[in-house]
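Remarks on the structure that follows.
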Amino acid sequence: VRETNYLDLKLDEFLARIAASDESPGGGAAAAITVAVAAGLVAMVARCSHGSWPDGPGVAAQAIAIQERVAPLAQTDARAWDEALGALGSAGEPGSGGDVDLERKLDLAAAVPLEIARFGADVAGLAVLAAERCEGAYHADAAAAAALAAGAARAAAHLVEVNLAVRDEDDRLKLARAIEQEAQEAAARALRVVR
Amino acid sequence: VRQATLGSLTDAELVRRCRAGDGAAWDALVERFSRYVYAICTHGFRLSETDAEDVFQEVFTRVYTRLDTLRDDGAIRPWIAQLTRRLCLDTLSAGKRVQPTAEPIAADVEDVLQEIDEAFDVREALTELPDHCQEMLDRFFARDESYRTISAALDLPQGTIASRIARCLTRLRSTLEGRSTGSRGSRE
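Those protein sequences? They're chains A and B, same order as listed. Once you know that position 118 of the first sequence is 118 in the working numbering, the rest is easy, because the numbers rise by one and skip nothing. Converting from the second sequence to the working numbering requires adding 195 to each position, the first position being numbered 1.
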């Protein structure tokens, strides 16, 4: 069966897939798309402010680069989550990949949201810059981008935390929490600029 | 060190050294254009790895034996592109005679070739930027590193990375806009 690429779906179809009773796409995919949307907002703000902000085009280019990287992670996350669930369901059965295979799949299921969180923090950082330097008419969009990116980073960090492969002392968990903190601080700064 | 010095030469300077029989310059020339030739073969014409390697060998053999037909030393890149395209088409034509189900070439082959050219323009322009800009842009765009990672690696405040990258992009744009174009190829 050929897998549907979420990025090929119309927006209403993607939203329907999110709301369907299947396990995926779930929170990780939603976080990835949210970061991609926030990156798009930053790019728009930076492009629209290029007249008064010489670094605007360079910031837009970075935002677009992040958008192109994070959007496909919606699919990657859903696939990783499906495979981890499948491995958990068949654990111990004859013919299953065994503990090593299960651990590998759970590792991947944690690695993808960690990557999404990292992109979220980067977009939140870009959004702060945009909020500080953009033309006044776009302040609110820059702040919205920061809030969306930080929210998605928090959601993704939470998915890392609840993943069965991740224990309290795990470095990935520490990194996820640090990234989440960065993103929250960035969003708070962006909102302060606007208020 | 010598290879690094050769790497900083312009295309025309490198070709002049090749014409003078400098063996290291030949190595540097192949190094400089190998990815370009390979990209045209595999992305532009979708050749198999084996066919691409055959074309690659033939391109550089012809460059070696026919360099004296190149009129403008600065036009080595379009000349190599022309040679590569012709050999790719020859390979595809030969393949169709014995293997009718061969993969068609990309319908948008001209667009792909233009993208490859632009990518190499950017790559060359990058070499003219200060080292810190080259490193910053390479880390973000090529190695896909986060601002946090770049900040830690270069010991710079994290909040300044995006601005620094943006300024380096502005310099890159100026460099690209300032580059001369329109060199003419060989008589072939």
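Glycine included, C-beta positions come from ideal geometry on N, C-alpha and C.
Asked                                                                                            : Found
Cβ-based contacts, 8 angstroms cut-off: residues of the stretch 57-70 of chain A near chain B    : PRO57, GLY58, VAL59, ALA61, GLN62, ALA65, ARG69
Cross-chain neighbours of ALA357/B in chain C, by beta carbon under 7 angstroms                  : Of the protein chains in this structure, namely A and B, none is chain C.
Interface partners of PRO54/A on chain B, CB under 9 angstroms                                   : ALA361, ARG362, THR365
Local conformation of LEU204/B per DSSP, three classes                                           : coil
Beta carbon of THR286/B nearer than 8 angstroms to that of VAL258/B                              : no
Coarse secondary structure for PHE240/B, derived from DSSP in three states                       : coil
Straight-line Cα distance separating TYR231/B from LEU209/B                                      : 16 angstroms
Nearest-angstrom Cα separation, counted from ASP333/B out to LEU349/B                            : 13 angstroms
Residue from ALA149/A, ARG172/A, LYS174/A, GLU135/A with nearest C-alpha to PRO54/A              : GLU135/A
Best match in ALA146/A, ARG118/A, GLU3/A, PRO25/A for proximity to LEU85/A [C-alpha to C-alpha]  : PRO25/A
CB contact check: ASP339/B to chain A, cutoff 8 angstroms                                        : yes
Backbone secondary structure at GLU93/A - three-state DSSP                                       : coil
Endpoints, the alpha helix (DSSP H) within which HIS327/B is located                             : 326-332
Straight-line gap, ILE356/B to ALA32/A (C-alpha atoms, nearest Å)                                : 23 angstroms
DSSP-derived helix/strand/coil call for LEU41/A                                                  : helix
Residue closest to THR370/B, alpha-carbon to alpha-carbon, out of GLN309/B, VAL317/B, SER203/B   : VAL317/B
CA-to-CA distance, PHE336/B to VAL160/A, given in whole angstroms                                : 26 angstroms
Span separating the alpha-carbon of ALA347/B from that of ALA186/A                               : 18 angstroms
8 angstroms Cβ cutoff, ALA297/B in contact with chain A                                          : Caution applies to ALA297/B, whose pLDDT of 45 falls short of 50 and renders its modelled position unreliable; the model cannot decide the point.
Status (buried if at least 16 other CB within 10 Å, exposed otherwise) for ARG227/B              : buried
Within chain B, the residues that ARG118/A reaches when beta carbons sit closer than 7 angstroms : SER341
Cutoff 8 angstroms: ASP171/A Cβ touching any chain B Cβ                                          : no
Burial state of SER229/B (16 or more Cβ within 10 Å)                                             : exposed
Cβ neighbour criterion (16 or more within 10 Å) applied to ALA19/A                               : exposed
C-alpha distance - ALA137/A paired with GLU169/A, whole-angstrom precision                       : 45 angstroms
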